[in-house]
Each structure stands twice: as C-alpha cells, then as structure tokens.
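Comments concern the structure below.
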Amino acid sequence: MPWWRRSPARSAWSPVFLMSSFAGGYPICRHLFSVVIYSPARTATQQGSGKLGKWKINFVSTQKWENPLMGWTSTGDPYANVGDSALSFESEAAAKDFAARHGWDYVVVKKYQTPLLKPKSYADNFKFKGLPEAEEK
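Sequential numbering from 154 applies to the sequence shown in the numbering used here.
Here's what the structure looks like:
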C-alpha cells in the first residue's frame, strides 16, 4: 500500500487528491478557495428552535462590478451565490471535513447562542403591572 493511503492525516495536496483532480477535469486553481464556515442567525420572524443549529459554507466574495448595459451587479466567480442555499451541514465538524476534503482554506465563525424566550399567554398583555408613576412638571 502506498504511503499516502496509509497516512491518517492527508494533506490537501496529496498525490491522491491531485490525481483525482486531474482525472475529474477539475482545474487546480479552483482548489485555492477560501471559505467561511458559520451558523446563520435565526430570522426576526422565526420564533421556534427548529431551524437553529445548521452550519453553512460561504465562499469569500471576489471582485464584483456594475454591468454597463443593465446596471446589475456582475461577477466572474461561479461560486458567488453557492453558500446562500446549497452548502448546509448538520454540524460544524461536517462542514470542516467537507472544506478540508476539497482543499479549501476555511475560517470558522463561532455562533452566538441566543436565549430562548419563555412562552407567554395572551392574558399577560393585560396583567396589572402597578400604578403608573406620576409625571413631574
């Protein structure tokens, strides 16, 4: 068995990695990406904890320019919008493993834990909260 197959920690530029890139027709320059791994915050309209805990990979944006014909924003990077919807993972470790497998440099942005609010009943809106304070004139 060759030495690179026995090695538990394969580098991104191992012979197996380079041979698979060459055989697959994938250009080597595409392996030089830098990505950000993060856990997106919940939206303002989201109340529950169902969609929390997911991790996403987003590519570092490249140069963009304004299209002179229509005024739209253009980019030459095919991966500019991939992270918004496609690359979603259940855990941080899975996202790191995916980035390492593809030879991408990655930066992990730690997630901020938002506390879950305790549920209130509708009657709490009309609860007596004490006498109003007197205004000074």
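Here a beta-carbon is modelled for each residue, glycine too, at the ideal position from N, C-alpha and C.
None of the values given here were measured: they were computed from a predicted structure.
Reduced DSSP secondary structure (H/G/I, E/B, other) of N230: Here residue 230 turns out to be Asp, not Asn, going by the sequence shown. Coil at D230, not helix or strand.
Proximal residues to N220 (C-beta, below 6 Å), its chain only, five neighbours per side dropped: Excluding the 5 residues flanking it on each side, N220 has same chain C-beta neighbours closer than 6 Å at S227, in chain order.
Could you check whether the stretch 242 to 249 touches the stretch 271 to 280, counting it as contact only if at least three pairs of C-beta atoms, one from each stretch, sit closer than 8 Å? Because the criterion of three Cβ pairs below 8 Å is not met, the stretch 242 to 249 and the stretch 271 to 280 do not touch.
Tell me the start and end of each unbroken alpha helix (DSSP H) in the stretch 218 to 287 that is at least 4 residues and wholly inside, in chain order. Those alpha helix (DSSP H) runs which fall completely within the stretch 218 to 287 and span 4+ residues are 235 to 238 and 245 to 254.
Cutting at 8 Å between CB atoms, please list the residues of its own chain near Y191, excluding the five before and the five after it. The answer, listed in chain order, is W208, K209, N211, V261, V262 and K264.
Helix or strand or just coil, what does DSSP make of K207? Reduced to three states, the DSSP call for K207 is coil.
Does DSSP put S187 in a helix, in a strand, or in coil? Strand.
Is the separation between the beta-carbon of S214 and that of D258 shorter than 7 Å? Taking 7 Å as the Cβ cut-off, S214 and D258 do not qualify as a contacting pair.
Using the Cα positions of W225 and Q216, report the straight-line distance between them to the nearest angstrom. Using only the alpha carbons, I get a separation of about 14 Å.
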